[in-house]
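All residue numbers for the sequence shown refer to the numbering used here, where the first residue is 35 and numbers rise by one. We put the beta carbon where it would ideally sit given N, CA and C, even for glycine. Keep in mind it's a predicted model, so treat the numbers as computed, not measured. A short write-up of the structure that comes next.
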Amino acid sequence: MATAGAGPETLAAALAFGNHRLRETSDNTALDAEVLLMYLLGCDRAHLRAWPEKQLKPAETREYEALIERRREGWPIAYLTGEREFWSRCFRVAPGVLIPRPETELLIELALAATPADQPANLLDLGTGSGIIAITLAVERPRTRVTAVDISVEALAIARTNAEQHGARNLRLLQGDWLRPLPPNERYDLIVSNPPYIAEGDPHLQQGDLRHEPGLALASGMDGLTALRRIIAEARDFLNPGGALLLEHGYDQADAIGGLLRASGYGEITHHRDLQGHRRATMARYGSPSHPTPITAMTDTLQLPRALVNHLLHLAQIAPDGRLAGLIGAKDGYAQSFHATDVNANASAREAAMKALQTQGETLLAILSSHPDSPAEPSDQEIIDNDNPDIPRFIISLNTKGVLELRGFQRIQPLGWQEIELVLLED
Ligand code: GLN
35 MATAGAGPET
45 LAAALAFGNH
55 RLRETSDNTA
65 LDAEVLLMYL
75 LGCDRAHLRA
85 WPEKQLKPAE
95 TREYEALIER
105 RREGWPIAYL
115 TGEREFWSRC
125 FRVAPGVLIP
135 RPETELLIEL
145 ALAATPADQP
155 ANLLDLGTGS
165 GIIAITLAVE
175 RPRTRVTAVD
185 ISVEALAIAR
195 TNAEQHGARN
205 LRLLQGDWLR
215 PLPPNERYDL
225 IVSNPPYIAE
235 GDPHLQQGDL
245 RHEPGLALAS
255 GMDGLTALRR
265 IIAEARDFLN
275 PGGALLLEHG
285 YDQADAIGGL
295 LRASGYGEIT
305 HHRDLQGHRR
315 ATMARYGSPS
325 HPTPITAMTD
335 TLQLPRALVN
345 HLLHLAQIAP
355 DGRLAGLIGA
365 KDGYAQSFHA
375 TDVNANASAR
385 EAAMKALQTQ
395 GETLLAILSS
405 HPDSPAEPSD
415 QEIIDNDNPD
425 IPRFIISLNT
435 KGVLELRGFQ
445 RIQPLGWQEI
455 ELVLLED
């Protein structure tokens, strides 16, 4: 008989206890209680069902109560049990890596479809985390050679354990920042990534399992696109001609990703839906015969002093109707100052700003204008300076999430605009 305060003593009592204790935390109290009990006892569900009266040892009762308490505090089940299933295999997980999501199996389906089983190929997984993508591909396609990169040493240790567990010998793990650790002459047939893509400040980050997962694996910049922009801009230099880039992204980011891919010269862009019907993955090819590689040389990053960026964000905030336009002047190639024109592209205002810029011994670096909702690229109507059509464009937006952002674009002929990464220069 259970005495008051001694905790549940049978399997059935333990499940009832967990179910009740978790009622305010979880949507799936019965399942959570079962999973934690199976994990603790190392048994399966049939065992729980078959022996409801089976006694728990006092130590088991205590441990079970402790697990239920941590779950009640919001700890994800996968971190409590240390594992999660992905593509029918069991992977180790810990708080240093993202918990595998069922959506990510879409990337596996697409990657396998693009990779013939009977031919060698060179594959790359960026931001591998627990290693689920790289390891699944390495095991399902043993003739390929797979490289997996992550910046987190902790994540790589977990990925290594998983690789050993699943016997993925055709896998190499590299530590570093996206494509930086790769030997510059290496080329891949497929580059795949499930990068962080949530906007910093998105309220979902404060909810459910996400509260306990590594921020680095979840959030990326003010609009969630910082990592995706970098991957899109840098991956093409590592693709074999006609090679594919395959990305997971937010349910509402497909159009933005399509725009970024087009602007970077990728072709054959296709979006793919997850089981919820959201466009969750995008695939594109670079330098394929139907879409020749652009030959224009491009600079992909532009450095801006933090003080200037702060000044611009401030001006955009106080500008009448939130609208702002002007010229960015540079000295010795470095962005230096902002000269306001007017938002209606009035010619004399522009001439005055240009004059002011030249008087300070500066050259024109970029043309800035505001836009209410962060377009994928500048549109032709917005080119306020027909005298300087090829000067980079900055767009400052109060995007839909209410966050101010500044983005840069550079014209590439004949494809339109390519996004350039704006890098803050600390003073
Ligand atoms: N590639 C890993 C996964 O898909 C990690 C992803 C991440 O940390 N953003 O789960």
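* Asked: Can you give the Cα-Cα distance for P110 and T304, rounded to whole angstroms?
  -> 33 Å
* Asked: Going by the C-beta, is I192 closer than 8 Å to any heavy atom of the ligand GLN?
  -> no
* To do: Check whether the Cβ of R135 sits closer than 8 Å to any heavy atom of the ligand GLN, and report yes or no.
  => yes
* Asked: Where does I352 land, buried or exposed, given buried means 16+ other C-beta within 10 angstroms?
  -> exposed
* May I ask which residues mark the beginning and end of the alpha helix (DSSP H) holding M256? => In the DSSP assignment, M256 falls outside any alpha helix (DSSP H), carrying neither H nor E.
* Looking at V183 and L208, is the spacing between their C-beta atoms short of 9 Å? -> yes
* Give me the Cα-Cα distance between L140 and A148, rounded to the nearest whole angstrom. => Their backbone Cα atoms lie some 12 Å apart in a straight line.
* Pick from A50, P230, R245, F272: whose alpha carbon is nearest that of M256? -> From the listed residues A50, P230, R245, F272, the smallest Cα separation to M256 is found for P230.
* **Limits of the beta strand (DSSP E) - the one that E453 falls within** => 450-459
* Count the other CB atoms within 10 Å of the CB of W85; is the residue buried (16 or more) or exposed (fewer)? -> exposed
* Given a cut-off of 9 Å, decide if G249 and L510 are closer than it, judged by their beta-carbon atoms. => Look at the range of the chain in this structure, 35 to 461, and you will see that residue 510 is not part of it.
* To do: Alpha carbon to alpha carbon, how far is Q287 from L295? Give it in angstroms, no decimals.
  => 12 Å
* To do: Would you check if there are 3 or more beta carbon pairs closer than 8 Å linking the segment 71-81 to the segment 91-98?
  => yes
* Expressed to the nearest angstrom, what Euclidean distance is found between the alpha-carbon atoms of E282 and L101? -> 33 Å
* Within 10 angstroms of its Cβ, does E247 collect 16 or more other Cβ (buried), or is it exposed? -> buried
* Using the Cα positions of D236 and G363, report the straight-line distance between them to the nearest angstrom. => 34 Å
* Asked: Does the segment 125-140 touch the segment 171-178, meaning 3 or more C-beta pairs lie closer than 8 Å?
  -> no
* Asked: Tell me, which residues are paired with F120 by DSSP?
  -> Looking at the DSSP assignment, F120 forms a beta bridge with R123.
* Can you list, in chain order, the residues of its chain whose CB lies under 7 Å from that of E43, leaving out five sequence neighbours each side? -> Within its own chain, the residues whose Cβ lies closer than 7 Å to the Cβ of E43, once the five positions on either side in sequence are excluded, are A36, Q89, L90, T95, listed in chain order.
* Determine the direct distance from the alpha carbon of E411 to that of G293, and round the result to whole angstroms. => Spanning the alpha carbons of G293 and E411 requires a straight line of approximately 7 Å.
* **V131: CB within 8 Å of a non-hydrogen atom of the ligand GLN** => V131 has its CB nearer than 8 Å to a heavy atom of the ligand GLN.
* Taking only heavy atoms of the ligand GLN into account, decide whether any of them is closer than 8 Å to the Cβ of I166. => Here the distance from the Cβ of I166 to the nearest heavy atom of the ligand GLN is below 8 Å.
* Does the Cβ of E302 lie closer than 8 Å to at least one heavy atom of the ligand GLN? -> no
* Quick one: using the 10 Å Cβ neighbour count with 16 as the cut-off for buried, is N228 buried or exposed? => buried
* Going by the CB atoms, is the gap between I232 and L213 shorter than 9 Å? -> no
* Kindly identify the DSSP beta-bridge partner or partners of D184. => Q209
* Asked: Does at least one heavy atom of the ligand GLN sit under 8 Å from the Cβ of T138?
  -> Yes, the beta carbon of T138 sits closer than 8 Å to at least one heavy atom of the ligand GLN.
* Asked: Between which two residues does the beta strand (DSSP E) harbouring N53 extend?
  -> Where N53 is concerned, there is no enclosing beta strand (DSSP E), although the alpha helix (DSSP H) it sits in stretches over 45-55.
* By Cβ distance below 6 Å, which residues in the same chain neighbour S371 in space, the five residues on each side in sequence not counted? -> G363
* To do: Return the first residue and the last residue of the beta strand (DSSP E) that K365 is part of.
  => 359-365
* To do: Report yes if the C-beta of A290 is less than 8 Å from at least one heavy atom of the ligand GLN; otherwise report no.
  => No, since every heavy atom of the ligand GLN falls outside the 8 Å radius drawn around the Cβ of A290.
* **S382, buried or exposed, once every other Cβ within 10 Å from all chains shown has been counted against 16** => exposed
* Asked: Looking only at C-alpha atoms, which of S404, T181, G276 sits nearest to H348?
  -> Per the Cα distances, S404.
* Locate the beta strand (DSSP E) running through Q351, then write down its first and last residues. => Taken as a continuous stretch (DSSP letters only), Q351 belongs to no beta strand (DSSP E), being part of the alpha helix (DSSP H) at 340-352.
* To do: Count the other C-beta atoms from every protein chain shown that fall within 10 angstroms of the C-beta of R55, then say buried if there are 16 or more, exposed otherwise.
  => Burial call: buried.
* Enclosing alpha helix (DSSP H) for Y98 [first to last residue] -> 92-106
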